[in-house]
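Quick note, the sequence shown lines up with residues 1 to 163 if you use this note's numbering.
The beta carbon of each residue, even a glycine, is placed where N, CA and C say it ideally should be.
All figures in this text were calculated on a predicted structure; none of them were measured in a lab.
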Amino acid sequence: MSKKIFHANTLNIEENPKEGFYPYVVRSARNNGIRGFIQEQEVYLNPGNTLSFAMDTFSVFYQETPYFTGNKIKVLIPKFGMTRWSALFIAVCCQKAFKTFTWGMNATHQDVENFKIPLPVIQDQITYEYMEHFIKALEKQHIERVKVLCDQRLKAYEEVLRA
Numbered sequence: 001m002s003k004k005i006f007h008a009n010t011l012n013i014e015e016n017p018k019e020g021f022y023p024y025v026v027r028s029a030r031n032n033g034i035r036g037f038i039q040e041q042e043v044y045l046n047p048g049n050t051l052s053f054a055m056d057t058f059s060v061f062y063q064e065t066p067y068f069t070g071n072k073i074k075v076l077i078p079k080f081g082m083t084r085w086s087a088l089f090i091a092v093c094c095q096k097a098f099k100t101f102t103w104g105m106n107a108t109h110q111d112v113e114n115f116k117i118p119l120p121v122i123q124d125q126i127t128y129e130y131m132e133h134f135i136k137a138l139e140k141q142h143i144e145r146v147k148v149l150c151d152q153r154l155k156a157y158e159e160v161l162r163a
């Protein structure tokens with residue numbers, strides 16, 4: 001559950017991070033659910049290393065750092081030692097599982113608690129290590145693709161400068 005709901009129409013929302021400002025997570029399906037950054041009483045911060053769940057858009061995101069929330073956002077706090085990589089894997093599994101819901105359905109707290117999320121298991125034990133290795137491998141692939149693209153653009157830029 002979110003510590004306190006902050007309504008956007010009453011806030012001064014900054015587009016970029018600033019000292020003393022924290023992410024403001026809303027029901028958006030973009031930008032990790034972050035609408036901007038706000039400065040409010042830190043006692044109302046939700047903990048980092050949690051998942052944010054939008055109750056009517058069914059967007060699930062990993063929030064690495066403490067954050068404030070808007071309306072209809074639930075904070076899912078793990079009951080186990082969740083790493084960044086296992087959290088990213090679980091967030092995607094949640095996203096896929098909640099695809100059966102449609103926008104505006106507005107799930108209840110009980111719906112969320114009772115929803116089954118498919119996770120990889122070996123001998124009836126959730127394999128967090130597999131999740132971590134899988135996400136790390138994906139990150140490595142994406143970094144390699146970005147590196148190749150940057151190298152190509154740099155080479156093209158250098159050719160233009162030589163011409």
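Assigned secondary structure, residue i (DSSP; H/G/I helix, E/B strand, else coil)
{"i": "ALA163", "result": "coil"}
{"i": "GLN110", "result": "helix"}
{"i": "LEU149", "result": "helix"}
{"i": "ILE14", "result": "Reading off the sequence shown, one finds Glu at residue 14, where the question assumed Ile. It is a strand residue."}
{"i": "ILE189", "result": "Because the chain here runs from 1 to 163, residue 189 falls outside it and cannot be looked at."}
{"i": "ILE117", "result": "coil"}
{"i": "GLN125", "result": "strand"}
{"i": "VAL92", "result": "helix"}
Residue i burial status per 10 Å Cβ neighbour count (16 or more: buried)
{"i": "LEU161", "result": "exposed"}
{"i": "ALA156", "result": "exposed"}
{"i": "ILE38", "result": "buried"}
{"i": "LEU51", "result": "buried"}
{"i": "ALA91", "result": "buried"}
{"i": "VAL121", "result": "exposed"}
{"i": "ASN46", "result": "buried"}
Any non-hydrogen atom of the ligand COA within 6 Å of residue i CB
{"i": "VAL25", "result": "The ligand COA is absent from the structure shown, which contains no ligands of any kind."}
CA-to-CA distance, residue j to residue i, given in whole angstroms
{"i": "LYS3", "j": "VAL112", "result": "18 Å"}
{"i": "LYS79", "j": "LEU154", "result": "46 Å"}
{"i": "GLN95", "j": "ILE135", "result": "15 Å"}
{"i": "ARG27", "j": "PHE53", "result": "8 Å"}
{"i": "PRO23", "j": "TYR67", "result": "5 Å"}
{"i": "GLN41", "j": "THR127", "result": "38 Å"}
Residues sharing a beta bridge with residue i, DSSP
{"i": "SER52", "result": "PHE61 and VAL75"}
{"i": "ASN46", "result": "TYR67"}
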